[in-house]
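This report refers to the structure that appears directly beneath it.
2 protein chains.
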Amino acid sequence: MTETARPNSDAPAGAFDIAAKMVDGLPQPAGAWTPIPRFSFVGGNNDSPSVPVGGLTEAAMAALTKHGAELATYNLGGNPQGFAGLREFVAESLAANAHMPTSSEQVLVVSGSLQALDLVNTAFLRPGDVVIAEEATYGGMISKVARRGARCIGVELDDDGIVPEHLERLLDELAGAGTPPRFIYTIPTVQNPTGSVMPIGRRREILAIARHFGVPIFEDECYSDLQWTGERPPTLRALDCADSEGQSVVIYCGSFSKSIAPALRVGYIVADVPVVRQLMALKDDAGTGALEQLVLAEYAAAHFDDHVSQLRETLREKCAAMRHAVNTHMGALSRVAIKLGGPVQVSDPKGGIFVWLTFPPGTDTARYLAPAAERGIQFNEGAAWSVDPEWGARRMRLCFGSLSHQDISDGVAALAEVIAAN
Amino acid sequence: MTETARPNSDAPAGAFDIAAKMVDGLPQPAGAWTPIPRFSFVGGNNDSPSVPVGGLTEAAMAALTKHGAELATYNLGGNPQGFAGLREFVAESLAANAHMPTSSEQVLVVSGSLQALDLVNTAFLRPGDVVIAEEATYGGMISKVARRGARCIGVELDDDGIVPEHLERLLDELAGAGTPPRFIYTIPTVQNPTGSVMPIGRRREILAIARHFGVPIFEDECYSDLQWTGERPPTLRALDCADSEGQSVVIYCGSFSKSIAPALRVGYIVADVPVVRQLMALKDDAGTGALEQLVLAEYAAAHFDDHVSQLRETLREKCAAMRHAVNTHMGALSRVAIKLGGPVQVSDPKGGIFVWLTFPPGTDTARYLAPAAERGIQFNEGAAWSVDPEWGARRMRLCFGSLSHQDISDGVAALAEVIAAN
């Protein structure tokens, strides 16, 4: 040592602040945890009595008996793509329910669809890059893209999803500016947060535009099992594969979070095999939790369709309760409407666990966050679910999956009081 | 659209190669999967008959009965730090077995220790940064650091782990060069791959040096439950906390992969609360798999110490079989020794699931990879487990946890034949 005396190991130098050694620009540290309040309209949680606890328990017993000893080996001694039984279920289910012929080789099991987002972002994004996303979209994707120093540009939505003419104009402008987007991120079925379902004709239009401009599509279908009708349209990937003789420009992802339980962290990517293999090389996590994969595969093979069918009914009723509550407490002639100069519009989602509210112009829903929190109410301010926070300011997402009918009704009434009073 | 005709949605343009749209510099795509061969001495797998299948099954039933409905809510409706019951077990177990008083607030459950590596690397590393690592160390860490455009610099090891004088010299040189390392990555207990255990006096020396130079320590204790004696020395973090009145420069990580089963993806970070909260903000995965956390917490509370105690004995016997096989087939007077001009030295690990071989100077163990693979033999070439691949070239890691005694013996004999013939 040249400049400093040798440290004496019996009396170490004082400790230092390790946090000060971290890189700049990290997100704010998490706050202290507080329990979920009664009127929590955030978080994508689901109906607790609908968790098939009995079925999952039986599945756990059966799966551990069959495969327990294989837990001694990473990936159960099998392919790091994920447990073969689960990939086979996913492939068969997508073929049967989403009109998407799929082989288990095209399925990569991931630790929740958030890992799918991470893998695709790693594969395609560098700082400064651009992603096209729906103008109202999943807030987690917006923040994940931003954390990479990339940014989303919003494409307009109507009741059928992405507006093709606007997508075309955007891609044209971006190509002209020399900044073509790296991919288009879309949630065509039960769009988050609008709840729309893109019709098949619109899907073909979007695909044609993406192909024309040579832009990949990342299709997030996390909520598609929860479409009220139970009749899913063909996925963008399915339509693309049918037209392209085996080479698709679409990377698809799905999840068991909404159909079975969000605290299980299992999702899946479906893509052409070369793409799957490239994404696998980025998935350096030694595999997704095998016990959850085993239990889901065992449970889903016997019960998935029946379970989801019941869950859809439960959620549809909650959705009706939510829409009724919003119309009652924030609709025409309500104190909220009088205060804000017009009624609040509530979406009529075609499935899922949330509604999307549009307030009169000039409203900023974020200003109700703090007073609502004091009443035990949480909601997603529109700005956080919108590519352009200013555009989103007068919007709001309310999740209803985890609340009882009574709490939905009481919670919306309480939220209306907060809005009327602030 | 200015330059191109409007695409006709009835006849889409041809598909394009989506892989060509990905960023440059991605790792090579994964190859086609092939089953694990009989003599697979790689991968950190464990003894399959030792998986406590019965205990895990009972635990799954009990845990689902108690907490199954909570799966409807992300993080079981609790703190995203991880299931409270599991954090409490980890805290109590570390206090009892690793002399490290720990509160459950200081524990962050992660999806395997690999996620701990990712979070710490994200918090501390930018491209161009330097990390100090043991000259022989976990290959996964070397590649994760490299993937961020940072690099490891190796510090010398002796039978007691990091050589303090060399660490001091390195830190001095790096400080002088204006490139102080962002942290020191160390595996003090059952070092991977040497199997050494750092004595308590050495731990104090390393700590004093790190503090003196203001360099954080990342202490990876994934194998520490598998020390043959069952008597773990105090962790670096424990010694640091005892001296520093509550502010530690050590971030600790552990795992259930080695003590219970690697296909379960559950590990943990232990750090001061502000550091835990910062790392939580980077853990944007909506939580670690709750079912695996629930089952582990239920199982471990009742059975962990007994299970690990039995597992240690099983592995110790396999280790003896492995050392015997290496000494028999590669030791003095063996065909390998005659061929290479000297015997192969095998480590005498103090725990764990691997031995570390040192071949005579001039050997490059990587050249045996292909001919060994033809015989159904896999091993870790030393270069992949060494910060300086040249230094590591004459070394080799052989894992023994997952093979039977017979396969250990036959596999090492077959490997010796390959070496003697190539």
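Read top to bottom, the protein sequences are chains U and S. Position 220 (the first sequence) corresponds to 633 in this note's numbering; numbering is contiguous. Position 188 (the second sequence) corresponds to 601 in this note's numbering; numbering is contiguous. Think of the CB as a built atom: it goes at the ideal place given N, C-alpha and C, for glycine as much as any other residue.
Buried or exposed (CB count within 10 angstroms, at least 16 for buried), P462 of chain U: One-based indexing of the first sequence puts residue 462 of chain U at position 49. By the neighbour-count rule (16 or more Cβ atoms within 10 Å), P462 of chain U is not buried but exposed.
Please list the residues of the segment 736-762 of chain S that have a C-beta atom closer than 9 Å to any C-beta atom in chain U, keeping them in chain order. none
According to DSSP, simplified to helix, strand and coil, what is G490 of chain S? Here the question's residue 490 of chain S lines up with position 77 in the second sequence. Looking at G490 of chain S - three-state DSSP - the assignment turns out to be helix.
How long is the line joining the alpha carbons of A833 of chain U and A785 of chain U, rounded to whole angstroms? Within the first sequence, numbered from 1, the residue matching residue 833 of chain U stands at position 420. Within the first sequence, numbered from 1, the residue matching residue 785 of chain U stands at position 372. Those two C-alpha atoms are separated by around 11 Å.
Could you say which of S:V679, S:L707 and S:R500 lies nearest to T515 of chain S if we only look at CA atoms? Here residue 515 of chain S refers to the residue found at position 102 of the second sequence. Nearest C-alpha to T515 of chain S: S:R500.
Cut-off 8 Å between Cβ atoms - residues of its own chain near P440 of chain S, not counting five sequence neighbours on either side: Translated into positions along the second sequence, residue 440 of chain S becomes position 27. The residues are R560.
If you draw a straight line from the C-alpha of M693 of chain U to the C-alpha of V749 of chain U, how long is it? Sequence index remark: in the first sequence, residue 693 of chain U carries index 280 (1-based). Sequence index remark: in the first sequence, residue 749 of chain U carries index 336 (1-based). Between M693 of chain U and V749 of chain U, the C-alpha separation is close to 51 Å.
Under 8 Å Cβ-Cβ, which residues of chain S neighbour G498 of chain U? Numbered from 1 along the first sequence, position 85 holds the residue referred to as residue 498 of chain U. In chain order: nothing, as chain S lies at least about 14 Å away.
Chain U beta carbons: is any one of them nearer than 7 Å to that of Q723 of chain S? For the purposes of this step, residue 723 of chain S is taken as the residue at position 310 of the second sequence. With 7 Å as the cut-off, Q723 of chain S does not count as an interface residue toward chain U.
Check whether the Cβ atoms of I844 of chain U and I566 of chain U sit closer than 7 Å, and answer yes or no. Past the boundaries of the shown model lies residue 844 of chain U; chain U is included only from 414 to 835, so the question cannot be answered.
Rounded to whole angstroms, what is the Cα-Cα separation between G789 of chain S and A536 of chain S? Numbered from 1 along the second sequence, position 376 holds the residue referred to as residue 789 of chain S. Numbered from 1 along the second sequence, position 123 holds the residue referred to as residue 536 of chain S. Answer to the nearest angstrom: the Cα atoms are 40 Å apart.
For the segment 661-680 of chain U, enumerate the residues whose C-beta is nearer than 9 Å to any C-beta of chain S, in chain order. S661, V662, V663, I664, S670, I673, A674, P675, A676, L677, R678 and V679
How close, in whole Å, do the beta carbons of C666 of chain S and G680 of chain S come, if the pair is a contact with beta carbons under 8 Å? Here residue 666 of chain S refers to the residue found at position 253 when the second sequence is read from its first residue. Here residue 680 of chain S refers to the residue found at position 267 when the second sequence is read from its first residue. The Cβ separation is near 6 Å, so the contact holds.
Beta-carbon separation of F452 of chain S and A714 of chain S under 7 Å? Counted from its first residue, the second sequence places residue 452 of chain S at position 39. Counted from its first residue, the second sequence places residue 714 of chain S at position 301. For F452 of chain S and A714 of chain S, no; Cβs fall outside 7 Å.
Can you confirm whether P540 of chain U, when its beta carbon is compared against all beta carbons of chain S, has any partner nearer than 7 Å? In the first sequence, counting from the first residue as 1, residue 540 of chain U sits at position 127. So, not an interface residue.
Between the Cα of A779 of chain S and the Cα atoms of S:L707, S:A797 and S:S637, which residue gives the shortest distance? For the purposes of this step, residue 779 of chain S is taken as residue 366 along the second sequence, with counting starting at 1. Nearest of S:L707, S:A797 and S:S637 to A779 of chain S, Cα basis: S:A797.
Return yes when the Cβ of G525 of chain U is within less than 7 Å of the Cβ of R678 of chain U, no when it is not. Here residue 678 of chain U is taken as the residue at index 265 of the first sequence, counted from 1. Here residue 525 of chain U is taken as the residue at index 112 of the first sequence, counted from 1. For R678 of chain U and G525 of chain U, yes; Cβs fall inside 7 Å.
Evaluate contact between the segment 473-489 of chain U and the segment 456-474 of chain S, counting only Cβ atoms and requiring at least three cross-stretch pairs below 8 Å. yes
What is the rounded straight-line gap between the Cα of D437 of chain U and the Cα of L538 of chain S? Taking the first sequence and counting its residues from 1, the one referred to as residue 437 of chain U is at position 24. Taking the second sequence and counting its residues from 1, the one referred to as residue 538 of chain S is at position 125. Taking the straight line joining both Cα atoms gives about 10 Å.
Cβ shell of A829 of chain S (< 8 Å), same chain only, five flanking positions each side left out: Residue mapping note: residue 829 of chain S aligns to position 416 of the second sequence, counting from 1. Contacts found: H742, M743, S747, R748 and V749.
From S:I751, S:F767 and S:T607, residue whose alpha carbon lies closest to that of M735 of chain S: If you number the second sequence from 1, residue 735 of chain S lands on position 322. Considering only alpha carbons, the answer is S:F767.
Once DSSP output is grouped into helix, strand and coil, what is the label at C635 of chain S? Locating residue 635 of chain S in the second sequence gives position 222, where the first residue counts as 1. C635 of chain S: coil per DSSP, three-state reduction.
Identity of the residues DSSP links to Q441 of chain U by a beta bridge: As a position in the first sequence, residue 441 of chain U is number 28, starting the count at 1. Q441 of chain U is not bridged to any residue.
Just the Cα atoms here: how many angstroms apart are P756 of chain U and A549 of chain U? On the first sequence, residue 756 of chain U is found 343 positions in, with the first residue counted as 1. On the first sequence, residue 549 of chain U is found 136 positions in, with the first residue counted as 1. Their Cα atoms are separated by approximately 21 Å.
Counting only beta-carbon separations shorter than 7 Å, does M693 of chain S have a partner in chain U? Residue 693 of chain S sits at position 280 when you count from the first residue of the second sequence. For M693 of chain S, the answer is yes, since a Cβ of chain U falls inside 7 Å of its Cβ.
Whole-angstrom distance between E581 of chain S and R615 of chain S, CA atom to CA atom: As a first step, residue 615 of chain S is located in the second sequence; it is residue number 202 there, counting from the start. As a first step, residue 581 of chain S is located in the second sequence; it is residue number 168 there, counting from the start. Each residue's alpha carbon lies about 13 Å from the other.
First and last residue of the alpha helix (DSSP H) that includes S556 of chain U? Position 143 of the first sequence, counted from the first residue, corresponds to residue 556 of chain U. Residues G552 to R560.
Which of the three DSSP states is assigned to Q640 of chain S in this structure? Here residue 640 of chain S is taken as the residue at index 227 of the second sequence, counted from 1. Strand, per DSSP.
Mind checking whether L652 of chain U and L620 of chain U have CB atoms under 7 Å apart? For the purposes of this step, residue 652 of chain U is taken as residue 239 along the first sequence, with counting starting at 1. For the purposes of this step, residue 620 of chain U is taken as residue 207 along the first sequence, with counting starting at 1. Yes.
By a C-beta neighbour count over all protein chains shown, 10 Å radius and 16 as the cutoff for buried, is S722 of chain U buried or exposed? By 1-based counting over the first sequence, the position of residue 722 of chain U is 309. Exposed, because fewer than 16 other Cβ atoms sit within 10 Å of the Cβ of S722 of chain U.
Measuring CB to CB, does V464 of chain U end up less than 7 Å from A482 of chain S? Here residue 464 of chain U is taken as the residue at index 51 of the first sequence, counted from 1. Here residue 482 of chain S is taken as the residue at index 69 of the second sequence, counted from 1. Their beta carbons are under 7 Å apart, which means V464 of chain U touches A482 of chain S by this criterion.
Between the alpha carbons of P774 of chain S and V558 of chain U, how many angstroms are there, rounded? To locate residue 774 of chain S, count along the second sequence from 1; it is residue 361. To locate residue 558 of chain U, count along the first sequence from 1; it is residue 145. So the alpha carbons of these two residues sit roughly 49 Å apart.
Could you tell me the alpha carbon to alpha carbon distance between A504 of chain S and A472 of chain S, rounded to whole angstroms? Counting from one through the second sequence, the residue named residue 504 of chain S turns up at place 91. Counting from one through the second sequence, the residue named residue 472 of chain S turns up at place 59. Going from the Cα of A504 of chain S to the Cα of A472 of chain S covers about 20 Å.
Using a 10 Å radius around the Cβ and a threshold of 16 neighbouring Cβ atoms, would you call N605 of chain S buried or exposed? Here residue 605 of chain S refers to the residue found at position 192 of the second sequence. It counts as buried.
Run through chain S and tell me which residues come within less than 9 Å of Y487 of chain U, C-beta to C-beta. Taking the first residue of the first sequence as 1, we reach residue 487 of chain U at position 74. Chain S residues near Y487 of chain U: G456, G457, N458, S670, P675 and A676.
Roughly how many whole angstroms lie between the Cα atoms of V831 of chain S and T776 of chain S? Here residue 831 of chain S corresponds to residue number 418 of the second sequence, with the count starting at 1. Here residue 776 of chain S corresponds to residue number 363 of the second sequence, with the count starting at 1. The alpha-carbon atoms of V831 of chain S and T776 of chain S are separated by roughly 14 Å.
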